[in-house]
């Protein structure tokens, strides 16, 4: 038995430290579709002091630790490697405070995003962070991956919606700034180091979320446009002309929309003969939104549009965009990508993907969809078969196009284990050296999530 | 002659390196009102390579460096200390690119904020960062201090509006990520370390600003409310009810407003008999804004209101809020404060300040005003005389109240030299230790802006 694990058991007891068959299978894999690996031990702290104690012990033994939350990650960040001790925040659940005057919500990091969204809504606010995995992903994971999602256009990434954190450093030190004030320039904003660091610098245990005002009314529409460039023009026009701007602007290119409304049988508010369908949401009245879309139609900026007249219709429109979560029931195994492309080159990216992807194997399908306004598209590639080397072949095509157009290999899903080999396509050596200096300063023994992001 | 300065002169030449009487007086003081101190030498680089060369030399000699931009700071950050080499970015001026598709503006860090605002406006966008010193302060300084200002309510601090940076580390390494994509999770967002670090971790040389859509129309009003709590209720109501939300929500308590409309003779849109006047701005139509204010008035949430009917009227309303910049012509010498108070305790803070400030000396005046929605107020205290020790006496009262109510000693102006002694009122030892770890990792010789922020 590993000496570190023995010490963890002595210090924290069998309620907190699990080994062997007592480790639930959920802690052996995330959503990256890699073969499950059971961690050497699973630590399930109930409070921050136990997190601190666990890290102190692991650090003394130079024992590798993998942090876990909702296990919804797509870059194998929380997917254990052999011999790692998994530290899961799944028991540290709970909303500790909603401060209506400050417009903030303080929660333990194992709380799911959906729970936070519902608490915010109940208090008359909107939680700015929203993504498809909301029912399972945790706010600690959202912070650690600087999660993106559906509302980045309006509210920014997770980073822009966090006011305070409590973290535990790799040596067990607890550092806390549960700040609720929007303006606080007293020294370095150290919380920024941990947001997006994917658990490699410390463990996030508490989060102060900055809430947004809840719009009185939200309009939803599916709109057909000629191409990507037209979509960008429509985006900019909407942001200026609508007094409340836009909340959501999700693109579904023809391949994606055809599958959703074809083999998946979902309702088609606009014809699948169009190159690009956009799911748009804007705060404000339906009259204002109709006026805007009518004008855009008159100018030829929009080819067709359908505005949701009811909650049910709105849900059906969202089902189109979220149809990707059901693809596994209808389509071959996918290799998925989450890339950013400079908006000015997005049209070029779409054409290049269509031109080059079929070359990996005859009969290869693909879909392109996503957060167009944020320069972020998702590309899922489905070759008829997946022989050895096929995944790498596909990665070379997609990341080759990404690098060529000055994009990022990870727009929102993080680097984790899976994108480490490709990180130098988007970061210079000087940048990587700087990141490594911070890593070495905060985690000199390299125990936190090794093999993810950097080393 | 200092060996370091001699080497700087040899490496960069007399055009770049100035000493003695060749150093302009502007580089000897910022706006903190301390006695001017001429730096031992002034380095005026024309490009990033010269910044790199200069830092490499200073680092080798362990020579203290103070970074300078617009010299508008209020915490003595750029105010030289004896024996320092000043490195001014004043020659690195220029807008390099406005990318209309991406909605970004790339500029050299010595460019003034106003120049950037005008370029953004010309291209059909809004620059989210705005503060009174706009004509002189530089974007590099805004980034380094994580400047706040007038539009934080809507767009967040400077940090939330920066997509990319080029910096030079204390050892001369140039690190660049002139990212223009809203979503880029490829590794650590290292730019975050330098935003708000007040020049203590490296020199910012280029900035990529994320631009905002330009509202089609902006409404301005001055509104009278009963007290601070009523103001907060009005704020939350406006954010929800107005489709475009709010842009600006600046508070002027009675003392401030009375001076502006009394001895300074500015026009009073609402009576100075009110406890609190708010300058509000919202995107959208005047009709919508009038409807909102009329409803608020009917409920007694608003006591009186005047909406600007013209650009000239709007300017006169802003002149009320910006009257503080002329105070030195009408009032005794001020000791100024920039504090954050949790919004739920803001009413308490105002009452405590009024109760305790007169105790420092009979006849002491004060004004309270500022970015109420962001939990940030400015407090200027004017004793009839300023004997030795008076400043410290006033600081004890104001920072004592701040600490007692869980506030921050620096909401937006930064720590610089002047607030270092008070930093532990707002930061725990664990937080300060963490900040120092980062400082040590990036600036092991401690050459960058010593004596500011931390050590």
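Residue numbers (our numbering), protein chains in the order written: chain A, 1 to 455; chain B, 1 to 455. C-beta atoms are modelled at their ideal positions from N, C-alpha and C, and glycine is treated no differently.
Can you give me the Cβ contacts of residue i inside the same chain, cut-off strictly under 7 Å, excluding the 5 residues immediately before and after it?
i                      : result
residue 104 of chain B : 163, 180, 208, 209, 210, 211
residue 2 of chain B   : 40
residue 32 of chain B  : 73, 74, 75, 76, 79, 418
residue 348 of chain B : 405
residue 447 of chain B : 58, 59, 62, 63, 64, 65, 170
residue 149 of chain B : 129, 130, 131
Given a threshold of 16 other Cβ atoms within 10 Å of its Cβ, counted over all protein chains shown, does residue i qualify as buried or as exposed?
i                      : result
residue 518 of chain B : The structure shown does not extend to residue 518 of chain B, since chain B is modelled only from 1 through 455, so no value can be given for it.
residue 217 of chain A : exposed
residue 355 of chain B : exposed
residue 25 of chain B  : exposed
residue 338 of chain B : buried
residue 202 of chain B : buried
residue 387 of chain B : exposed
residue 122 of chain B : exposed
residue 396 of chain A : exposed
residue 409 of chain B : buried
residue 282 of chain B : buried
residue 315 of chain B : exposed
residue 326 of chain B : exposed
residue 82 of chain B  : exposed
residue 263 of chain A : exposed
Can you look up residue i in the DSSP assignment and give me helix, strand or coil?
i                      : result
residue 213 of chain A : strand
residue 376 of chain A : strand
residue 351 of chain A : helix
residue 164 of chain A : strand
residue 280 of chain A : strand
residue 312 of chain B : helix
residue 147 of chain B : coil
residue 108 of chain B : strand
residue 336 of chain B : strand
residue 361 of chain A : coil
residue 21 of chain B  : helix
residue 249 of chain A : strand
residue 296 of chain B : helix
residue 429 of chain B : helix
residue 117 of chain A : helix
residue 409 of chain A : coil
residue 125 of chain A : strand
residue 305 of chain B : strand
residue 86 of chain B  : strand
residue 206 of chain B : strand
residue 153 of chain B : helix
residue 140 of chain B : helix
residue 229 of chain B : helix
Counting only the same chain and skipping the five closest in sequence on each side, list residues whose C-beta sits under 6 Å from that of residue i.
i                      : result
residue 136 of chain B : 70, 72
residue 309 of chain A : none
residue 257 of chain A : 272, 277
residue 378 of chain A : 338, 369, 370
Please report the Cβ distance between residue i and residue j, rounded to the nearest whole angstrom; I am assuming they are in contact, meaning their Cβ atoms lie under 8 Å.
i                      : j                      : result
residue 42 of chain A  : residue 109 of chain A : With a Cβ gap of about 17 Å, residue 42 of chain A and residue 109 of chain A do not count as contacting.
residue 63 of chain A  : residue 12 of chain A  : The Cβ separation is near 14 Å, so there is no contact.
residue 351 of chain A : residue 381 of chain A : The Cβ separation is near 16 Å, so there is no contact.
residue 306 of chain B : residue 270 of chain B : 6 Å
residue 214 of chain B : residue 125 of chain B : 6 Å
residue 119 of chain A : residue 98 of chain A  : 6 Å
So, for residue i: in the same chain, excluding its five sequence neighbours on each side, which residues have a beta-carbon less than 8 Å away from its beta-carbon?
i                      : result
residue 96 of chain B  : 106, 107, 108, 206
residue 358 of chain B : 364
residue 391 of chain A : 335
ask   = If contact means a Cβ-Cβ distance below 7 Å, which residues of the region 238-266 of chain B contact chain A?
value = Flagged, chain order: 239, 240, 241, 243, 244, 245.
request  = Mind checking the region 221-240 of chain B against chain A and listing, in chain order, the residues whose C-beta falls within less than 8 Å of any C-beta there?
outcome  = If the cut-off is 8 Å between Cβ atoms, the region 221-240 of chain B has 232, 236, 239, 240 near chain A.
Chain B contacts made by the region 358-382 of chain A, where a contact means CB separation under 9 Å = So the list reads 371, 373, 374, 375, 376, given in the order they occur along the chain.
Residues in the region 196-209 of chain A having any Cβ partner in chain B nearer than 7 Å = Answer set for the region 196-209 of chain A: 196, 197.
request  = With 9 Å as the limit, tell me which residues of the region 431-442 of chain B have their beta carbon closer than that to any beta carbon of chain A; keep them in chain order.
outcome  = Against chain A - using a Cβ distance shorter than 9 Å - the residues of the region 431-442 of chain B are 431, 432, 433, 434, 435, 437, 438, 439, 440, 441, 442.
request  = Could you please tell me which residues of the region 398-416 of chain B, in chain order, have their CB closer than 8 Å to any CB of chain A?
outcome  = Those residues of the region 398-416 of chain B that come within reach of chain A (Cβ to Cβ, closer than 8 Å) are 407, 408, 409, 410, 411, 412, 413, 414, 415.
ask   = According to a CB-to-CB cut-off of less than 7 Å, which residues of the region 146-158 of chain A neighbour chain B?
value = Against chain B - using a Cβ distance shorter than 7 Å - the residues of the region 146-158 of chain A are 146, 148, 152, 156, 157.
message = Under 9 Å, CB to CB, which of the residues in the region 181-195 of chain B have a partner in chain A?
response = Only those residues of the region 181-195 of chain B whose C-beta falls short of 9 Å from the nearest C-beta of chain A are listed: 181, 182, 183, 184, 185, 186, 187, 188, 189, 190, 192, 193, 195.
Where the region 273-298 of chain A meets chain B: residues whose CB sits under 9 Å from a CB there = Cβ contacts with chain B: 282, 283, 284, 285, 288.
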